[in-house]
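Asks: Counting in the numbering used here, the sequence shown runs from 4 upward without gaps. Ideal placement from N, C-alpha and C gives every residue a C-beta, glycine not left out. These numbers come from a predicted model, not from an experiment.
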Amino acid sequence: MRLLLPALLVSAVSFAAQDGPADRRKHLSVPTATNGRPVHAAAMEIDRGTQYPSVIHLKGNVEIRTPVCVAAGPGTALACAGYVVVRADQADLHEDTGEVEASGNVRVTREK
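1. Determine which residues share a DSSP beta bridge with Tyr-86 and list them.
2. Confirm, please, whether the CB-CB distance from Ala-45 to Arg-27 is below 7 Å.
3. Val-58 and His-30 - do their beta-carbons sit closer together than 7 Å?
4. Specify the secondary structure class of Asp-95 as computed by DSSP and reduced to three states.
5. Less than 7 Å separating the beta-carbons of Tyr-86 and Arg-68?
6. Can you find a heavy atom of the ligand FAD that lies under 6 Å from the Cβ of Glu-102?
7. According to DSSP, which residues form a beta bridge with Ala-44?
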């Protein structure tokens with residue numbers, strides 16, 4: 004009986020962690036003209052215009068991952084290493100340029 008209670012607690016905590024807000028977010032991959040790789044966005048609500056390019060409105064637990072790329076020689080060759088990650092309560096992502104306008108508890112980090 005003593006082992007049963009800890010096992011139930013671990014199961015309940017695991018189940019609650021899987022049902023968090025991050026697991027219910029919508030995800031979107033957005034190619035932009037200014038970067039060789041797409042920008043990845045996730046949020047509870049995503050509102051995208053019908054015409055390209057548009058401004059994508061993201062609300063609730065927003066995360067936008069933009070790859071860091073630089074020219075690696077002549078032509079269009081790019082070398083990409085890591086991401087700049089913007090987390091915010093809400094943000095607008097400009098589809099053509101990759102520009103982000105974030106508001107409400109904004110955090111910007113660099114990840115490899």
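Replies: In this structure, then:
1. The partner list for Tyr-86 (beta bridge, DSSP) reads Pro-70, Glu-114.
2. No, Cβ-Cβ distance for Arg-27 and Ala-45 is not below 7 Å.
3. No. Outside cutoff.
4. In the structure shown, Asp-95 sits in a strand (DSSP, three-state: E or B).
5. Cβ atoms of Tyr-86 and Arg-68: closer than 7 Å.
6. Inclusion of the ligand FAD in the displayed structure is not the case, the ligand content being empty and no account of it being possible.
7. DSSP lists Leu-31, Ile-67 as partners of Ala-44.
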